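2 protein chains.
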Amino acid sequence: MTQRDTKDRILDAAEELFASDGYVGTSLRGITTAADVNLAAVNYHFGSKEGLLAALFERRLVPLNKVRLENIETVLREAEQKAVRPSAGEVMKAFLIPTLEFKRNAPGARHFARMIWRAFLGGDRGMQESFLTRVAPVMQRLLDGLSLALPGIPREVLAWRLRFAMGAAGQVMVHDPEQPALMTGLRLSEEVMQKELLEFVIGGLEAPHED
Amino acid sequence: MTQRDTKDRILDAAEELFASDGYVGTSLRGITTAADVNLAAVNYHFGSKEGLLAALFERRLVPLNKVRLENIETVLREAEQKAVRPSAGEVMKAFLIPTLEFKRNAPGARHFARMIWRAFLGGDRGMQESFLTRVAPVMQRLLDGLSLALPGIPREVLAWRLRFAMGAAGQVMVHDPEQPALMTGLRLSEEVMQKELLEFVIGGLEAPHED
DNA sequence: GTCTATACGATGATAGAC
DNA sequence: GTCTATCATCGTATAGAC
Numbered sequence: 001m002t003q004r005d006t007k008d009r010i011l012d013a014a015e016e017l018f019a020s021d022g023y024v025g026t027s028l029r030g031i032t033t034a035a036d037v038n039l040a041a042v043n044y045h046f047g048s049k050e051g052l053l054a055a056l057f058e059r060r061l062v063p064l065n066k067v068r069l070e071n072i073e074t075v076l077r078e079a080e081q082k083a084v085r086p087s088a089g090e091v092m093k094a095f096l097i098p099t100l101e102f103k104r105n106a107p108g109a110r111h112f113a114r115m116i117w118r119a120f121l122g123g124d125r126g127m128q129e130s131f132l133t134r135v136a137p138v139m140q141r142l143l144d145g146l147s148l149a150l151p152g153i154p155r156e157v158l159a160w161r162l163r164f165a166m167g168a169a170g171q172v173m174v175h176d177p178e179q180p181a182l183m184t185g186l187r188l189s190e191e192v193m194q195k196e197l198l199e200f201v202i203g204g205l206e207a208p209h210e211d
Numbered sequence: 001m002t003q004r005d006t007k008d009r010i011l012d013a014a015e016e017l018f019a020s021d022g023y024v025g026t027s028l029r030g031i032t033t034a035a036d037v038n039l040a041a042v043n044y045h046f047g048s049k050e051g052l053l054a055a056l057f058e059r060r061l062v063p064l065n066k067v068r069l070e071n072i073e074t075v076l077r078e079a080e081q082k083a084v085r086p087s088a089g090e091v092m093k094a095f096l097i098p099t100l101e102f103k104r105n106a107p108g109a110r111h112f113a114r115m116i117w118r119a120f121l122g123g124d125r126g127m128q129e130s131f132l133t134r135v136a137p138v139m140q141r142l143l144d145g146l147s148l149a150l151p152g153i154p155r156e157v158l159a160w161r162l163r164f165a166m167g168a169a170g171q172v173m174v175h176d177p178e179q180p181a182l183m184t185g186l187r188l189s190e191e192v193m194q195k196e197l198l199e200f201v202i203g204g205l206e207a208p209h210e211d
């Protein structure tokens, strides 16, 4: 067994367990058992449980953020070239489409997405700091784009609307068809779900604003 | 020291710690130390950690759900009497206003609200089952109301839109002004925040729907 | 009945010998 | 890279004091 195998097996197992049981709810013993490696291997490769978490972020979040940022920049650049305002929908899609697609990529990515959104939504202390710093630049550009798209709405308000949109999107990201439903009647296909999310989010972002 | 004192002190301490550290992240020792009672008192009064959680639900969620249900029923009844459709905004406000106000009631209620919404959003296993069964009737009536308000939108779609709305509302409910911000520019007063939430949610619920 | 002191078995993360 | 020892902390149980 090579080092590469061991490291990856740990990462894969951790990703799955963190996603289903949460970061605090997952034990290193559970991870190493699932990965079929020695308990101490985690400490050897990643230093600690937190180090393992950081490695997971590095593996998945960095490339994803790159795509999201590029998408947003493209929308903004094209709008500028045409000397028109980008629409809130275009801007939001530039972020949401890769986000939603990422979830359907690999099975591992799916677990990672669930893990990260659960942490974001639930306010898991250990995770929030590490990942907020990584997504902050994306959020800033997103907010810039929304400011351009909706010049009549103050930026602080848009910041909250963006956060609301994240809360709504999170419901799709953490949704697991296998799990017992949170509400009855939530049996839409993945594609339809995503279309509905976009409708809702755009409707909310563009809602009339009163002072 | 009477029993009432001890029980309540445990409940109050648990509420605060569960809210800030999560259910799994909180130890009985931490709770009993904060409450300045003996460790075994939890087991004596509540049977177990889970029993303590159930007692917290009983104390806060039952009366809140009563108010929410009554509010929704009132809106539906009045609309029926006038033989008009309720608006999505009315229906949603019947649920959201008491929910948001509850958070501002007592300091303890604030902690409880954060705890419960963190659990809902983050998918905390231990909590979800216990509390989903308690809010399910409210959600059902809410969905009934939205179906009446927006007859052009299929019920499955409305179920998802309602879930999106919950995700958005959760962002207000878990927000703690003391904590480091998730995004920059989120410095609105509680009142404004709530007005913005309603604008966003109603905009999303009423968004045009394509098949 | 209430509450306390203390102990148990299980599991947590980590460090050092190999 | 692995194995084992170690130590902290977890939830729970129980015996006895007030």
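Residue numbers (our numbering), protein chains in the order written: chain A, 1 to 211; chain B, 1 to 211. Every residue, glycine too, gets a C-beta built ideally from N, C-alpha and C. Nothing here was measured: the structure is a model prediction, and the numbers come from that model.
task = Check the Cβ of B:T162 against every Cβ in chain A and list those closer than 8 Å, keeping chain order.
result = Before going further, note that residue 162 of chain B is Leu rather than Thr in the sequence given. Per Cβ cutoff of 8 Å: M183.
inquiry  = Would B:R29 pass as an interface residue toward chain A - the criterion being a Cβ-Cβ separation below 8 Å?
reply    = no
ask   = Do A:L146 and A:L162 have their C-beta atoms within less than 8 Å of each other?
value = yes
key: Partner residues on chain B for A:E206, Cβ-Cβ distance less than 8 Å   = G203
ask   = According to DSSP, is B:I153 helix, strand or coil?
value = coil
ask   = Are the beta-carbon atoms of A:L205 and A:V138 separated by less than 8 Å?
value = no
ask   = Closer than 7 Å: is that where the CB of A:L76 sits relative to any heavy atom of the ligand SAM?
value = The ligand SAM is absent from the structure shown, which contains no ligand whatsoever.
query = Apart from the five residues on each side of it in sequence, which residues of its chain come closer than 7 Å, Cβ to Cβ, to A:P86?
reply = V75, L76, A79, G145, L148, A149
key: Spatial distance of A:G30 from B:P208 (CA atoms)   = 47 Å
request  = Starting from the Cα of B:E190, find the closest Cα among B:A94, B:I202, B:H175 and give me that residue.
outcome  = B:H175
ask   = With distances taken between CB atoms, is the gap from A:L100 to A:R59 smaller than 8 Å?
value = no
key: the region 101-108 of chain A / the region 96-113 of chain B touching (three or more Cβ pairs under 8 Å)   = no
query = Hey, A:F95 and A:I116: beta-carbon distance below 8 Å or not?
reply = no
task = Taking B:A165 as the reference, give the member of A:D211, A:L198, A:D124, A:S27 with the closest Cα.
result = A:L198
message = Check whether chain A comes within 8 Å of B:L17, counting only Cβ atoms and requiring the distance to be less than that.
response = no
task = Note the first and the last residue of the continuous alpha helix (DSSP H) segment covering A:K82.
result = Where A:K82 is concerned, there is no enclosing alpha helix (DSSP H), given that its DSSP letter is neither H nor E.
ask   = For the candidate residues B:R9, B:S20, B:E15, whose alpha-carbon lies nearest to that of B:E178?
value = B:S20
query = Between B:L202 and B:T6, what straight-line distance do the alpha-carbon atoms span, to the nearest angstrom?
reply = Reading the sequence as shown, one finds Ile at residue 202 of chain B and not Leu. For B:I202 and B:T6, the distance between alpha carbons rounds to 44 Å.
query = In chain A, which residues lie less than 8 Å from B:A159 when you measure between Cβ atoms?
reply = M183, T184, G185, L186
query = Below 8 Å between beta carbons: does that hold for A:G122 and B:R118?
reply = yes
ask   = Quick one: what does DSSP say B:N71 is sitting in, helix, strand or coil?
value = helix
inquiry  = Less than 8 Å between the beta carbons of B:V62 and B:L52, yes or no?
reply    = no
message = I need the straight-line Cα distance from B:A34 to A:G25, nearest angstrom please.
response = 23 Å
request  = Just mark A:A83 as buried or exposed, buried being the case when its beta carbon has 16 or more other beta carbons within 10 Å.
outcome  = exposed
DSSP state of B:R187 mapped onto helix, strand, coil = coil
query = Quick one: does A:Q81 have its CB under 8 Å from some CB of chain B?
reply = no
inquiry  = So the candidates are B:V192, B:D211, B:L64, B:N38; which of them puts its Cα closest to the Cα of A:D211?
reply    = B:V192
request  = For chain A, find out if any of its Cβ atoms is closer than 8 Å to the Cβ of B:M193; answer yes or no.
outcome  = yes
key: Local Cβ density within 10 Å of B:R187, reported as buried at 16 or more and exposed below that   = exposed
query = Comparing alpha-carbon positions, which option in A:E156, A:R141, A:R134 lies nearest A:V91?
reply = A:R141
task = Along the alpha helix (DSSP H) that carries A:Y44, what are the first and last residues, could you check?
result = 40-46
inquiry  = By the three-class DSSP mapping on this structure, what secondary structure does A:P137 have?
reply    = helix
query = Between B:G167 and A:G22, is the Cβ-Cβ spacing less than 8 Å?
reply = no
8 Å Cβ cutoff, A:A94 in contact with chain B = no
key: Within-8 Å CB hit, B:R85 to chain A   = no
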